[in-house]
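In my numbering, the protein residues as written are 81 to 248.
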């Protein structure tokens with residue numbers, strides 16, 4: 081978005097820009113994604129690549145609707161409804177399947193192989209079609225004349241990733 085001379089960006093515009101960073105897979109979002117996936121010690125490099133692709137698809141299909149903006153001095157709260165693929169449901173169903181079919185995830189020696197289960201889970205996540213809606217309240221702070229979205233909570237990030245446990 082281009083802001084004309086003398087026009088000040090609003091908290092709503094800051095949130096829109098922030099979310100568009102996910103939709104357009106900007107460099108900042110991709111760098112955060114790479115760091116997030118890199119920390120997962122239970123995945124092979126190939127599985128990490130698959131998971132990054134799943135999250136890139138998740139981000140680029142993110143739909144959002146800004147509902148409300150409340151400003152008090154240099155702090156604003158912007159309420160947003162987002163729609164994402166329901167990867168939590170996929171993970172839950174994969175875990176339920178595992179409980180009923182544990183032997184399918186054993187290696188040739190009959191020992192549980194987490195890589196087999198992760199491959200199964202990732203394949204299911206790639207095929208996800210169901211979506212879920214969440215409401216986020218993003219905090220936006222004005223510093224030196226600019227509105228910036230503050231660091232999201234883990235639960236808000238889980239919502240954007242589609243893995244938030246909405247049953248708890």
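For every residue, glycine included, the Cβ atom is placed at its ideal position computed from N, Cα and C.
Nearest neighbour of residue i, chosen from the options [CA to CA]
| i | options | result |
| --- | --- | --- |
| residue 99 | 207, 123, 128 and 146 | 146 |
| residue 231 | 244, 217 and 243 | 217 |
| residue 224 | 213, 105 and 154 | 154 |
| residue 254 | 95, 215, 208 and 185 | Summary: the structure shown does not reach residue 254, with the chain confined to residues 81 through 248, and so no result is reported for it. |
| residue 234 | 226, 227 and 245 | 245 |
| residue 170 | 189, 150 and 208 | 208 |
| residue 247 | 168, 104, 194 and 105 | 168 |
| residue 212 | 144, 194 and 151 | 144 |
Helix, strand or coil at residue i [DSSP, three-state]
| i | result |
| --- | --- |
| residue 99 | helix |
| residue 248 | coil |
| residue 85 | Low confidence applies here, because residue 85 scores a pLDDT of 48, under 50, leaving its location unreliable; read the following figure in that light. DSSP places residue 85 in coil when its eight states are reduced to three. |
| residue 141 | coil |
| residue 175 | helix |
| residue 193 | coil |
| residue 117 | helix |
| residue 220 | strand |
| residue 110 | helix |
| residue 183 | helix |
Test item: CB-CB of residue i and residue j under 9 Å
| i | j | result |
| --- | --- | --- |
| residue 75 | residue 187 | Since the displayed the chain opens at 81 and closes at 248, residue 75 lies outside it and no answer follows. |
| residue 229 | residue 222 | no |
| residue 142 | residue 116 | no |
| residue 210 | residue 165 | yes |
| residue 198 | residue 122 | yes |
| residue 139 | residue 109 | yes |
| residue 178 | residue 214 | no |
*Evaluate contact between the stretch 140 to 160 and the stretch 232 to 239, counting only Cβ atoms and requiring at least three cross-stretch pairs below 8 Å.*
no
_Would the stretch 201 to 218 count as touching the stretch 167 to 177 if we require 3 or more Cβ pairs under 8 Å?_
yes
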